[in-house]
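Visitor:
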Amino acid sequence: MNLRRAISHLARLHAQVARQRQDFLHQTSAGLVKRFGAIGTETLAVKNMVHGGGAHKKGLNREIHVHGGGAHKKGLNREIHAASPAAFLKMTRTKAEQAGSWYEEAPTREIKPTQRCHGPCGPQCGPCGPHCACGQLPDEKKTLSDRQHQCPHCGATCGRDDNAALVLLRWLETRLAGIAGRTAGNEHETHAMAV
168 MNLRRAISHL
178 ARLHAQVARQ
188 RQDFLHQTSA
198 GLVKRFGAIG
208 TETLAVKNMV
218 HGGGAHKKGL
228 NREIHVHGGG
238 AHKKGLNREI
248 HAASPAAFLK
258 MTRTKAEQAG
268 SWYEEAPTRE
278 IKPTQRCHGP
288 CGPQCGPCGP
298 HCACGQLPDE
308 KKTLSDRQHQ
318 CPHCGATCGR
328 DDNAALVLLR
338 WLETRLAGIA
348 GRTAGNEHET
358 HAMAV
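To get this note's numbering, take the position in the sequence shown, counting from 1, and add 167.
(1) If you drop the 5 nearest sequence neighbours on each side, which residues of the same chain put their C-beta closer than 7 Å to that of H193?
(2) Suppose the cutoff is 6 Å on Cβ atoms and the five residues either side in sequence are ignored; what does the same chain contact list for T324 look like?
(3) Roughly how many angstroms separate the alpha carbons of L311 and G326, rounded to a whole number?
(4) Would you list the residues sitting across from E272 in a DSSP beta bridge?
(5) Give the secondary structure of H181 by DSSP, where H, G and I count as helix, E and B as strand, and everything else as coil.
(6) Inspect the beta-carbon positions of A263 and L211 and report whether they are closer than 9 Å.
(7) What distance in whole Å lies between the Cβ atoms of L336 and E271, which are believed to be in contact at a cut-off of 8 Å?
(8) Are R342 and A273 close, meaning C-beta to C-beta below 9 Å?
(9) By the three-class DSSP mapping on this structure, what secondary structure does H316 have?
(10) Here's the rule: buried if 16 or more other CB atoms are within 10 angstroms of the residue's CB, otherwise exposed. What is G204?
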């Protein structure tokens, strides 16, 4: 097999994978909209998610990461791009609007600012609700290695991701209840909600 044929074959394989990825995103987003009448998610800052952790140098036709973890971060960035989270949310939003379903992207920095609060109020608790009154953010964010949430008010202990999901769910339920309250005079069907 000569080089030109090998390059052509590789290009066809990449195109096939891209089509399969797009098909998966379309099928999954359509399935969510078909199954749920209300869909809520966080606003994703994909650029921040794939932001390189350090300085880069170009050399020998490749990027060299100056400090440790570069190869791991580069692989993680590739996986995030391959999953296409922004494209998936855009497809889901479009399909929800076309179907007349409720779709909301929660502003993460507004609803969970206390994820970074180490002040006297502690982080927002999914089980018992918000407690942050200080509005101050510390100099350092809570690190990703802090995997447990423990509420000083109700004593609830859960995983950090579980707590974040509960906080998001509470916010989305409040938004949905506000919309339902405005349309209380109209008859409407209650739908399941996907978070």
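No residue lacks a Cβ here, since even glycine has one placed at the ideal position from N, Cα and C.
Guide: Judging by the given coordinates:
(1) M258
(2) Q317
(3) 12 Å
(4) T208
(5) helix
(6) no
(7) Going by Cβ atoms, the distance from E271 to L336 rounds to 12 Å, so no, they are not a contact pair.
(8) yes
(9) strand
(10) buried
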